[in-house]
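Residue numbers (our numbering), protein chains in the order written: chain A, -13 to 318; chain B, -13 to 318.
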DNA sequence: TTGAAAGCGCTAACAT
DNA sequence: ATGTTAGCGCTTTCAA
């Protein structure tokens, strides 16, 4: 491996000068700088980031820890992060926790051990994991999912509002028994969207019964099973609000398998879009989220925190909007 | 930051002993080891991976560099990589090159600079990038896309065969003028799938004309535009074989927008599945690939290469299969 | 079995 | 403006 010492010898300067050139310090004589550049090229020198990291105790890498890499919601978010990161001189590495606190914990440990410059995390819900980051003074931004009892920069959407909108839309459309399939209780989005659902029921005098609520896992199969369980209940619903995109797909699959007609007999609204939603029949009504901006905003907060670690943490809440399509409109 | 020196002092041993305990060396007295463990706990010691990396000149991180993080094909592949990596004691970080050789190059540089343990790459097509990896003796596996002139471990699918199958199926179904929308020429999968298409045309005596071929970008919009251009040609096709999932979606969107009836008037077969394909109307016939196994196989190769850098590189070719659904069957 | 000490490649005081 | 040098935290050779 070629080191700055090799370059220094070749260019007849000191290692310090090489380092200065490497870091674009202006305090170096142009002719000397040129000699160093040439030597680097001649020797095909590549800086060793690990040594640099050790010296500076920090990297130019951001870790983005998400809970499901196969969910287009997260991958779209990542694009937003990347674009900002590139601009600020950071590279983004993605870590997939797979909704598994164990894996999440491993990636957090890796981010800490590798001294990454910052972490953007959509947590699987165990607060201790984040605490490790905060205690180690790692710059961290919570995205999509809120952290209880930890005061960190956060980017969210107005989950309660969006869920309320979706549920109200179903009730207003003439569906009577609107069910809700939500995610794990420990995850803030699952809880908040459930709350929005309940709020809409209360304000419209809909039947609020625990029999109409299912807690699933934010995945397709979980949505399918929850839907099946609702249909098999004693008083089955005639509409469902599913609190994420994958579970919505699962629910619709179940309805198709059972031969239930959507939207004629049964209304469906989901949370967050899916790609090629327009090709799906019936096309799905959803609460749409600004996924890309979610990523962008988180990245901006992270960059600011790295630049100024003492800043008071702030929370950005982005708006959601109801996209009405076929699956929730009985009379076309 | 707590270091092994702090732990050593606390446990009344030498730093060397702490290091030995840390690495599970058996040559250390049990009672001493216990004392060290206790001290680590007391001080909440966390090993500094960067220092360790510098000393050993390698990490326990694998970089997986893919060309489109929003393409479910790649994310599914990553799951396969992850499962093997975990088992072998590595963590996987994902890098999204976005089909941009520039970004790809940046991530390759990062993987090199950070001295990652290995790289799995689905290249955007510039051979110099991979050469940098090979020259630096970085363990590397090419996945999905082949590298010309570089002898590295590779995992592919039988692209020519799959494409031939798809095209033949359309011709056999009575479609006459079968077009092909493929990806950038420099990418091996685009070239090979085109070759399979041409081979099928030749063997069945179909009309092989450059007017029926379009080179797009493996993205949805590219597929849309290519389809539009085909339809606007002087002798428009009555069927299309699109060489990846996203372009297939784009092509279908275009057909819908133009009011072309699929499959009655126009046949469509794609390469690689899309999620919730069963919800899409018409459901799409595709050449399916074992995405998860692709990832698994690449990971196994990488682990072997790391363990034994001198091994001769091998190429694994996995099978594809034709999934016939609605979009290519005229008479149901 | 344990400890002392060198050194991985780099940056930044500090000295010149 | 440039050079000398200490040291980031760890592993490992060598000596005891």
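Glycine included, every Cβ here is placed at the ideal spot set by N, Cα and C.
{"Query": "is_contact[residue 313/A, chain B] using C-beta, thresh 8 angstroms", "Result": "no"}
{"Query": "Nearest neighbour of residue 103/A, chosen from 122/A, 248/A, 90/A [CA to CA]", "Result": "122/A"}
{"Query": "Same chain, Cβ closer than 6 angstroms to residue 318/A, neighbours up to 5 away in sequence not counted", "Result": "Residue placement at residue 318/A is poorly supported in this model, since its pLDDT is 49, which falls under 50; the coordinates still yield a value, given next. Closer than 6 angstroms at Cβ, skipping near neighbours: no residue."}
{"Query": "Sub-8 angstroms separation of residue 47/B and residue 64/B beta-carbons", "Result": "no"}
{"Query": "Three-state class that DSSP yields for residue 60/B in the structure shown", "Result": "helix"}
{"Query": "Burial state of residue 42/B (16 or more Cβ within 10 Å)", "Result": "exposed"}
{"Query": "Stretch pair the region 183 to 194 of chain B + the region 235 to 253 of chain B: three plus CB contacts closer than 8 angstroms", "Result": "no"}
{"Query": "Within-8 angstroms CB hit, residue 161/B to chain A", "Result": "no"}
{"Query": "Endpoints, the beta strand (DSSP E) within which residue 4/B is located", "Result": "Taken as a continuous stretch (DSSP letters only), residue 4/B belongs to no beta strand (DSSP E), being part of the alpha helix (DSSP H) at 1 to 8."}
{"Query": "Meets three-Cβ-pair contact criterion under 8 angstroms: the region 161 to 173 of chain B and the region 227 to 239 of chain B", "Result": "yes"}
{"Query": "Stretch pair the region 51 to 60 of chain A + the region 77 to 91 of chain A: three plus CB contacts closer than 8 angstroms", "Result": "yes"}
{"Query": "Contact the region -9 to 1 of chain B vs the region 16 to 35 of chain B: 3+ CB pairs below 8 angstroms", "Result": "yes"}
{"Query": "Simplified DSSP state of residue 145/B, which is helix, strand or coil", "Result": "helix"}
{"Query": "8 angstroms Cβ cutoff met for residue 217/B and residue 200/B", "Result": "no"}
{"Query": "Member of 280/A, 271/A, 298/A whose CA lies at the smallest distance from the CA of residue 312/A", "Result": "271/A"}
{"Query": "Where residue 309/B sits in the DSSP three-state scheme", "Result": "strand"}
{"Query": "According to DSSP, residues forming a beta bridge with residue 200/A", "Result": "167/A"}
{"Query": "Exposed unless 16 or more other CB atoms sit within 10 angstroms - verdict on residue 113/A", "Result": "exposed"}
{"Query": "Cβ pair residue 257/B, residue 159/B closer than 8 angstroms", "Result": "no"}
{"Query": "When 204/B, 27/B, 95/B are compared against residue 59/B, the one with the closest alpha-carbon", "Result": "204/B"}
{"Query": "Interface flag, residue 101/A vs chain B, CB-CB below 8 angstroms", "Result": "yes"}
{"Query": "Presumed contact (8 angstroms Cβ cut-off) between residue 316/B and residue 228/B, rounded CB distance", "Result": "So it is not a contact: roughly 18 angstroms between Cβ atoms."}
{"Query": "Chain B within 8 angstroms of residue 55/A, Cβ atoms only", "Result": "yes"}
{"Query": "Same chain, Cβ closer than 7 angstroms to residue 33/B, five either side skipped, listed in chain order", "Result": "8"}
{"Query": "Sheet register partners of residue 304/B (DSSP bridge)", "Result": "143/B"}
{"Query": "Interfacial residues, the region 78 to 93 of chain A to chain B, with Cβ spacing under 7 angstroms", "Result": "79, 80, 81, 82, 92, 93"}
{"Query": "Residue 225/B, DSSP secondary structure in three states", "Result": "strand"}
{"Query": "Neighbourhood of residue 219/A by C-beta, 7 angstroms cutoff - its chain only, sequence neighbours within 5 removed", "Result": "197"}
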